[in-house]
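A short write-up of the structure that comes next.
Residue numbers (the numbering used here): 74 to 236.
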């Protein structure tokens with residue numbers, strides 16, 4: 074799978090408003106559009122500040138970086154593809170936010186399949202590769218293994234159904 078850092082994602086608002094971050098162009102990688110991201114974060118604004126977030130199937134990291142820009146306390150990026158995870162780490166270095174962000178280069182479902190003694194996340198972004206039925210599995214593991222705080226929110230982006 075050939076990859077190059079030709080793409081860019083834009084941070085819509087907050088500390089890094091207007092900043093463009095390089096992303097790898099890779100098969101199946103589809104960053105959330107600016108319009109969708111702006112609408113989503115307008116809805117989520119009351120919940121972002123000081124929240125701990127999980128950007129599951131992170132890809133470009135667009136949603137996690139937007140949350141950090143808007144004062145989320147911490148974001149964990151889960152990304153399976155090594156080169157994509159490395160680009161996420163570079164973007165964290167560029168933004169000088171390593172104290173608030175970490176990249177885990179691992180299969181998201183394997184990561185979530187680890188039972189937790191205490192919940193970690195207030196907000197979860199789930200934008201899995203399409204056509205693999207991963208969103209439902211991830212939600213089940215988030216709940217079953219106690220990753221979510223009591224009032225946690227989960228944003229899910231999936232393909233359109235054929236119904």
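All residues carry an ideal CB built from backbone N, CA and C; glycine is no exception.
Taking 8 Å as the cut-off, the beta carbon of residue 146 is found no closer than this to the beta carbon of residue 137. Between the C-alpha atoms of residue 175 and residue 216 there is a straight-line separation of about 22 Å.
DSSP places residue 107 in the helix class (H, G or I) of the three-state scheme. With contacts defined by Cβ atoms closer than 8 Å, residue 199 and residue 211 form a contacting pair.
A distance of 8 Å or more separates the beta carbons of residue 84 and residue 152. With a threshold of 16 other beta carbon atoms within 10 Å, residue 201 meets it and is buried. Between residue 97 and residue 189 a beta carbon distance of about 30 Å is seen, past the 8 Å cut, so the two are scored as non-contacting. Counting only runs of at least 4 residues, the segment 123-175 fully encloses the following alpha helix (DSSP H) elements, listed from N- to C-terminal order: 135-142 and 155-168.
In this structure, the CA atom of residue 149 is about 14 Å from the CA atom of residue 192. Selection 125, 90, 168 and 177 evaluated against residue 155 yields 177 as nearest (Cα-Cα).
Distance from residue 126 to residue 181 at the Cβ level is roughly 14 Å; contact not present, criterion being Cβ atoms closer than 8 Å.
Leaving aside the five residues that flank residue 194 on each side, the residues in its chain whose CB is nearer than 7 Å to its CB run, in chain order, 125, 126, 127, 220, 221, 222 and 225. Cβ-Cβ distances below 6 Å link residue 94 to 82 and 164 in the same chain, with the five nearest sequence neighbours on each side left out; the list follows chain order.
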